[in-house]
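Novice:
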Amino acid sequence: MTVPVLGATLYFDPTCATGWRASRWLEPQARKHDVPVRWRAADRWFGTAAEEVPGKKRGYPAASKVFLRVVEAAHRDGADDLVGRLYAAYGWATHEDTRPHHPDLVREMVAAYAPAYLDAVDDPALDELVVAAHHEAAEYVGDGESSPVLVVRTAEGERGFYGPVLGPGPEGERADRLWDLLVLAASLPEFFELSARRTWRRPRRDPLTDHSTSVLPLLPEDLRAP
Numbered sequence: 124m125t126v127p128v129l130g131a132t133l134y135f136d137p138t139c140a141t142g143w144r145a146s147r148w149l150e151p152q153a154r155k156h157d158v159p160v161r162w163r164a165a166d167r168w169f170g171t172a173a174e175e176v177p178g179k180k181r182g183y184p185a186a187s188k189v190f191l192r193v194v195e196a197a198h199r200d201g202a203d204d205l206v207g208r209l210y211a212a213y214g215w216a217t218h219e220d221t222r223p224h225h226p227d228l229v230r231e232m233v234a235a236y237a238p239a240y241l242d243a244v245d246d247p248a249l250d251e252l253v254v255a256a257h258h259e260a261a262e263y264v265g266d267g268e269s270s271p272v273l274v275v276r277t278a279e280g281e282r283g284f285y286g287p288v289l290g291p292g293p294e295g296e297r298a299d300r301l302w303d304l305l306v307l308a309a310s311l312p313e314f315f316e317l318s319a320r321r322t323w324r325r326p327r328r329d330p331l332t333d334h335s336t337s338v339l340p341l342l343p344e345d346l347r348a349p
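Per the working numbering, the sequence shown runs over residues 124 to 349.
In structure tokens:
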């Protein structure tokens, strides 16, 4: 059974590895099925006090805040394709090349891939749009989860789910099957949720010994070893 998809929206946080992997699966599927994708803000740090952020992730909330300002400013202007390209570049730098999430890196990427929105990075007036988008995502999945939230629009209406939560891939036919399953689930108003124990963990890399992708020259000055 093939269910025509009219559009998809991914609510995401740029510091969320789960959202990154979901986006890498979503983009080629959307192109294959000629489905327009909207990129929206979902702040995984919303309501988190500074002292609750783990030390190694101290820069994450600030990076997320300024990045999501750009996301919502561009979405407001109908520039979702630009957000997709910006997110691809930033996500590759952080989640694949292991550059640290930091507002300075966001500015660097926006200057390169979305220069028209460089002023949005430091515009606190956009925070209202970010919060509104975050609450929109919660309307689909509740307050317990935030990133990623995938919304699929069909002739039956819109359905949103937390996820998909993925390890590496899937690719090829397996990616196609996942698309078909999610679209079918979105078309069934009786379906709500499946869950399984996560069995995959990203292999740890030591930046001091693994020189396949050296991250030391890319660290901001205040994070470099003395």
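Cβ coordinates follow ideal geometry from the N, Cα and C atoms, glycine included.
Can you grab the Cα-Cα spacing for the pair L182 / T125, in whole Å?
Specialist: Walking along the sequence shown from the start, residue 182 turns up at place 59. Walking along the sequence shown from the start, residue 125 turns up at place 2. Note on residue identity: the sequence assigns Gly, not Leu, to residue 182. Their backbone Cα atoms lie some 43 Å apart in a straight line.
Novice: Using a Cβ-Cβ cut-off of 8 Å (strictly less than) and excluding sequence neighbours within five positions of V264, which residues of its own chain qualify?
Specialist: Here the question's residue 264 lines up with position 141 in the sequence shown. For V264, where only same-chain residues beyond five positions count, the Cβ hits under 8 Å are V272, G283, F284, Y285.
Novice: Kindly list the residues whose CB is nearer than 6 Å to the CB of L241, restricted to its own chain and excluding five residues on each side of it in sequence; keep chain order.
Specialist: On the sequence shown, position 118 is the one that residue 241 refers to. Closer than 6 Å at the Cβ level, and outside the excluded window around L241, lie V233, A234.
Novice: Are the beta-carbon atoms of A185 and A256 separated by less than 8 Å?
Specialist: Working through the sequence shown from its first residue, we reach residue 185 at position 62. Working through the sequence shown from its first residue, we reach residue 256 at position 133. No, the Cβ-Cβ distance between A185 and A256 is not below 8 Å.
Novice: Could you tell me whether the segment 201-220 touches the segment 245-259, using the rule of 3 or more Cβ pairs below 8 Å?
Specialist: No: the two stretches stay apart, fewer than three of their Cβ pairs being nearer than 8 Å.
Novice: When DSSP labels each residue in this structure, what does A165 get in the three-state scheme?
Specialist: Counting from one through the sequence shown, the residue named residue 165 turns up at place 42. It is coil, neither helix nor strand.
Novice: Considering only residues of the same chain and omitting the five flanking positions on each side of A212, which have a CB-CB separation below 6 Å?
Specialist: The sequence position of residue 212 within the sequence shown is 89, counting from 1. Excluding positions up to five away in sequence, the list reads M232, Y236.
Novice: Just how far apart, CA to CA, sit D246 and R192?
Specialist: Along the sequence shown, one-based indexing puts residue 246 at 123. Along the sequence shown, one-based indexing puts residue 192 at 69. Straight-line Cα distance between these residues: approximately 7 Å.
Novice: What did DSSP end up calling V338 once you bin it into helix, strand or coil?
Specialist: To locate residue 338, count along the sequence shown from 1; it is residue 215. Note that V338 scores 33 on pLDDT, short of 50, meaning its location in the model is unreliable and no value can be drawn from it.
Novice: Return helix, strand or coil for A278, following the three-state DSSP convention.
Specialist: The residue you call residue 278 lines up with position 155 of the sequence shown. The answer is coil: DSSP assigns A278 none of H, G, I, E or B.
Novice: Tell me whether F135 sits in a helix, a strand or coil according to DSSP, three-state version.
Specialist: For the purposes of this step, residue 135 is taken as residue 12 along the sequence shown, with counting starting at 1. The answer is strand: DSSP assigns F135 an E or B state.
Novice: What number of angstroms, rounded off, separates the C-alpha of V274 from the C-alpha of A319?
Specialist: As a working mapping, residue 274 is identified with position 151 in the sequence shown. As a working mapping, residue 319 is identified with position 196 in the sequence shown. V274 and A319: Cα-Cα distance of roughly 21 Å.
Novice: Grouping DSSP H, G and I as helix and E and B as strand, with all else coil, what is F190?
Specialist: The count along the sequence shown starts at 1 and reaches residue 190 at position 67. It is helical.
Novice: Straight-line CA distance for A239 to L205?
Specialist: The residue labelled residue 239 in the question sits at position 116 within the sequence shown. The residue labelled residue 205 in the question sits at position 82 within the sequence shown. Each residue's Cα considered, the two are about 10 Å apart.
Novice: By DSSP, does L301 sit in helix, in strand, or in coil?
Specialist: In the sequence shown, residue 301 corresponds to position 178, counting from 1. The answer is helix: DSSP assigns L301 an H, G or I state.
Novice: So, under 8 Å CB-CB, V194 and W162 are touching, yes? Tell me the CB distance rounded to an integer number of Å.
Specialist: In the sequence shown, counting from the first residue as 1, residue 194 sits at position 71. In the sequence shown, counting from the first residue as 1, residue 162 sits at position 39. So it is a contact: roughly 6 Å between Cβ atoms.
Novice: For F314 and T277, what's the separation of their Cα atoms in angstroms?
Specialist: Translated into positions along the sequence shown, residue 314 becomes position 191. Translated into positions along the sequence shown, residue 277 becomes position 154. Looking at the two C-alpha atoms, the distance is approximately 15 Å.
Novice: In its own chain, which residues sit with a C-beta less than 6 Å from the C-beta of S270, not counting the 5 before and 5 after it?
Specialist: The residue labelled residue 270 in the question sits at position 147 within the sequence shown. Hits under 6 Å: F135, D136, C139, G142, A165, R167.
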